[in-house]
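To start, the structure itself, in structure tokens.
Protein chains: 2
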Amino acid sequence: MQQYESLKSFTREIFEKIGCNKFHAELAADVLLSADLRGVDSHGVARLSGYVRLWEAGRINSSPNIKIVHETPSTAVIDGDSGLGLVVAPFAMDIAMEKAEKCGTGWVSVKNSNHYGIAGYHAMKAIEKDMIGMSMTNASPLVAPTFSTERLLGTNPIAVAIPTENQPPFIADFATTTAANGKLEILQRKGEDAPLGWIQDKQGKGSTNPHALKEGGALLPLGGDRLHSSHKGYCLGSIVDIFSAVLSGANYGPWVPPFVSFLPVAEDLPGEGIGHFLGAMRIDAFRPAREFKSHMDKWIGRFRSAESVDGQEKVLIPGDPEREMEQIRLKEGIPLQEKVVEDLLELKKKYGIPSNF
Amino acid sequence: MQQYESLKSFTREIFEKIGCNKFHAELAADVLLSADLRGVDSHGVARLSGYVRLWEAGRINSSPNIKIVHETPSTAVIDGDSGLGLVVAPFAMDIAMEKAEKCGTGWVSVKNSNHYGIAGYHAMKAIEKDMIGMSMTNASPLVAPTFSTERLLGTNPIAVAIPTENQPPFIADFATTTAANGKLEILQRKGEDAPLGWIQDKQGKGSTNPHALKEGGALLPLGGDRLHSSHKGYCLGSIVDIFSAVLSGANYGPWVPPFVSFLPVAEDLPGEGIGHFLGAMRIDAFRPAREFKSHMDKWIGRFRSAESVDGQEKVLIPGDPEREMEQIRLKEGIPLQEKVVEDLLELKKKYGIPSNF
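Protein sequence lines, in the order shown, are assigned to chains Y and G.
The first sequence maps to residues 362 to 718 in this note's numbering.
The second sequence maps to residues 362 to 718 in this note's numbering.
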């Protein structure tokens, strides 16, 4: 069990060691640790060594010149200059919110970036300003479209954060697949089978083997199979890919560069880096924020008090589980898997970090 | 089998009979018939008598004063004045596109409207102007959130239409449930069971009974059950509800007025009518339209040529099945169920329409 503050401070030091300035290192650590706090362990410090290896391989620029390459009053395209998505995306979200301040909404498509941590972090920034925040990103191809054996899409998440008055905010943040890779890893460690509908094998047959992905299989779009409307998950993943990358000039579909540094980047790339799409809508561009937020409280109150199925949990509001996890982990610490601790110790040694985590 | 033109002309006459002006009647018929053409039979002329009954019950205003009640350069809220959603939504989409013309994007939330036909119709309007179109709406509560026995959401569809160069456009248009009601009706007629994951019974247990909905059950959010991530479908349906209704001041969640006129409207409504959310993003607010569209062609070409699973169909692009159906039905006519023909004949008699369909 690690304490949030010391883990964050360690992470910040690593980012400084690879050349990030103090502001970027602090920001990147904040984004990364927010995943650990919220229980999305696959997107937190477990990935720190992965970012470092991408930098070592020359695929991440730790002192990027992030800039707007095109804009209108409500839109912008941003070139992340191969920077960490962890700092490029907050820059882009700030632009989206500035535009929303001025003309109601702001929409920013980003190219030439890298993995940006959890989608929800960026969307949530809008809430403090009484805006709705949206965030999506494409990612390494692991998902097969309906009817295909090929991996052409990433888990391409969507996050939407909506402010409230007295209720906690509504925070939806989900991959557009039935299950994300992190859930398969848990089953692999436990030696348990996966439910049908999560993955398929190399031939495209539904599989319960949690290792199927490593053996040439693919994750399945939300829905799982055609009978359960996997084409809708495929639509969602495609929309995320197009908004993030075809709009911005990033790589899309099977051309998205892999997160792991040992896999080669495809040749003849159609774009630059990976892509994100960030949006902000000022509530009072539609109706008075107070009025909206009090209706959100009513909406949430009604859903929270819905009759639940015998023997099942109470009805949850998007964001509930992550918020509860954050409260627990801030107090009790963040549990890390042995392999992650080993990874971090290796980084500590390699980069001569004095502090513990 | 009915011909498109005569069915559309009949529909237009009915709308005129209930008081729509010529322009509105033509528009409403165009929207409604686009569903029949595209194979979404549940949203086409099969609903015509439903609209008429709502008008007869005083719940639809056939000569609405549709107006903007609040706006910024990139947003607007529109009051549909209880008009047909079939005419309110195109009005709202026009505003969204005008705003996109001027400041890059336009986003319109609509209150005090009614059922707006297929979501895709409205999104597709943007394509001709080299814009991405988006369209969503809330609807009568038929869907239970994950863990609940109560119906709190509609099938709340999302449509996204994206322009292309030589490929047909990318048109995603889907309910945020595993299966829409129309698919259950097909099973009811055939006397076949529904797959698990489509519906639950009154107690919230997964059911294969295609009549479960009428017996107090509920449709399930995309994903089907918690193990297959129905909470993601629940998130999507909720986002549609909030963007369409909490942003605009329409009714939301369980308070959305039912489409069928024999069901009473809830008391103490939190808003007015049902809500929609329409959006338009000008492509060249991000990058030159030509460049974007040629990359869309490449995207589509790659997905279309993906290796398919042995014995399954080729990989489809969102919009393919509906476009193919439209070509067939324009040529061969639109097949109507006997019950729908009876309904239309009754309308013909009641409103003294001379022409056949």
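Note that the Cβ used here is the ideal one computed from N, Cα and C, for glycine as well.
Legend entry - Burial state of L624 of chain G, where buried means 16 or more other Cβ atoms lie within 10 Å: exposed
Inset, instruction - Buried or exposed for I695 of chain G, please, with buried defined as at least 16 other CB atoms from any protein chain shown within 10 angstroms of its CB. - result: buried
Inset, instruction - Answer with yes or no whether the minimum CB distance from T510 of chain Y to chain G is below 7 Å. - result: yes
Legend entry - the stretch 640 to 658 of chain Y contacting the stretch 417 to 435 of chain G, beta-carbon criterion three pairs below 8 Å: yes
Legend entry - Proximity below 7 Å, CB of A555 of chain G to CB of T569 of chain G: yes
Inset, instruction - Could you name the residues of chain Y that S590 of chain G contacts, counting a contact when the two beta carbons are closer than 7 Å? - result: T539, A540 and L583
Inset, instruction - Find the residues of chain G that neighbour R648 of chain Y, judging by a C-beta separation of less than 8 Å, and give them in chain order. - result: H431, V438, L608, S609 and G610
Inset, instruction - Let me know the secondary structure DSSP gives H476 of chain Y once reduced to three states. - result: coil
Inset, instruction - Would you list, in chain order, the members of the stretch 656 to 671 of chain Y that have their beta-carbon closer than 8 Å to a beta-carbon of chain G? - result: H656, M657, K659, W660, R663, F664, A667, E668, S669, V670 and D671
Legend entry - Limits of the unbroken beta strand (DSSP E) element including L581 of chain G: No beta strand (DSSP E) contains L581 of chain G, which DSSP labels as neither H nor E.
Legend entry - is_contact[A323 of chain Y, chain G] using C-beta, thresh 7 Å: Within the shown structure, residues of chain Y are numbered from 362 to 718, placing residue 323 of chain Y beyond reach of any answer.
Legend entry - Residue from Y:G552, Y:L597 and Y:F531 with nearest C-alpha to T538 of chain Y: Y:L597
Inset, instruction - Return the residues of the stretch 610 to 636 of chain Y that lie within a Cβ-Cβ distance of less than 9 Å from chain G, sorted by chain order. - result: G610, Y613, G614, P615, W616, P631 and G632
Inset, instruction - Starting from F620 of chain Y, trace the beta strand (DSSP E) both ways and give me its first and last residue. - result: Where F620 of chain Y is concerned, there is no enclosing beta strand (DSSP E), given that its DSSP letter is neither H nor E.
Legend entry - Beta-carbon contacts of R373 of chain G that lie in its chain and below 7 Å, excluding the five residues immediately before and after: A386, E387 and A390
Inset, instruction - Return yes when the Cβ of G515 of chain Y is within less than 7 Å of the Cβ of A500 of chain Y, no when it is not. - result: yes
Legend entry - is_contact[G494 of chain G, chain Y] using C-beta, thresh 7 Å: no
Legend entry - Assigned exposure category for F535 of chain Y - 16 Cβ within 10 Å defines buried: buried
Inset, instruction - Enumerate, from N- to C-terminal direction, the unbroken alpha helix (DSSP H) stretches of 4 or more residues contained entirely within the stretch 532 to 597 of chain Y. - result: 542 to 551
Legend entry - Simplified DSSP state of F638 of chain G, which is helix, strand or coil: strand
Inset, instruction - Return helix, strand or coil for D658 of chain G, following the three-state DSSP convention. - result: helix
Legend entry - As assigned by DSSP and simplified to three states, the class of G494 of chain Y: strand
Inset, instruction - Please report the residue range of the alpha helix (DSSP H) in which I519 of chain G lies. - result: Careful: I519 of chain G lies outside any alpha helix (DSSP H), inside the beta strand (DSSP E) at I519 to I523.
Inset, instruction - Please list, in chain order, all residues of the same chain as T525 of chain G whose beta carbon is under 8 Å from its beta carbon, the five residues on each side excluded. - result: F531, K654, M657, D658 and I661
Inset, instruction - Residues of the stretch 453 to 486 of chain G with a CB closer than 7 Å to any CB of chain Y: list them in chain order, please. - result: C464, G465, T466, W468 and S470
Inset, instruction - Specify, as a first and last residue, the run of the beta strand (DSSP E) that D440 of chain Y falls within. - result: T436 to D440
Inset, instruction - Taking only beta carbons into account, state which residues of the stretch 543 to 571 of chain Y come closer than 7 Å to chain G, listed in chain order. - result: P556, G558, Q564 and G565
Inset, instruction - Could you check which residue in Y:S470, Y:G467, Y:P506 and Y:S669 has the C-alpha nearest to that of Q673 of chain G? - result: Y:P506
Inset, instruction - Just the C-alpha distance for V449 of chain Y and I427 of chain Y, rounded to the nearest angstrom, thanks. - result: 7 Å
Legend entry - 7 Å Cβ cutoff met for I523 of chain Y and N475 of chain Y: no
Inset, instruction - Mark N717 of chain G as exposed unless 16 or more other C-beta atoms lie within 10 angstroms of its C-beta, in which case mark it buried. - result: exposed
Legend entry - N527 of chain G burial status per 10 Å Cβ neighbour count (16 or more: buried): exposed
Legend entry - R420 of chain G - DSSP class collapsed to helix/strand/coil: coil
Inset, instruction - Would you mind sorting E576 of chain G into buried or exposed? The rule is 16 or more other CB atoms within 10 Å of its CB. - result: exposed
Legend entry - Closest residue to I379 of chain G among G:S367, G:P425, G:E366 and G:G400 (Cα-Cα distance): G:P425
Inset, instruction - Give the interface partners of P518 of chain G over in chain Y, defined as CB-CB distance under 8 Å, in chain order. - result: Under the 8 Å cutoff, chain Y gives no residues; its nearest Cβ is about 10 Å from P518 of chain G.
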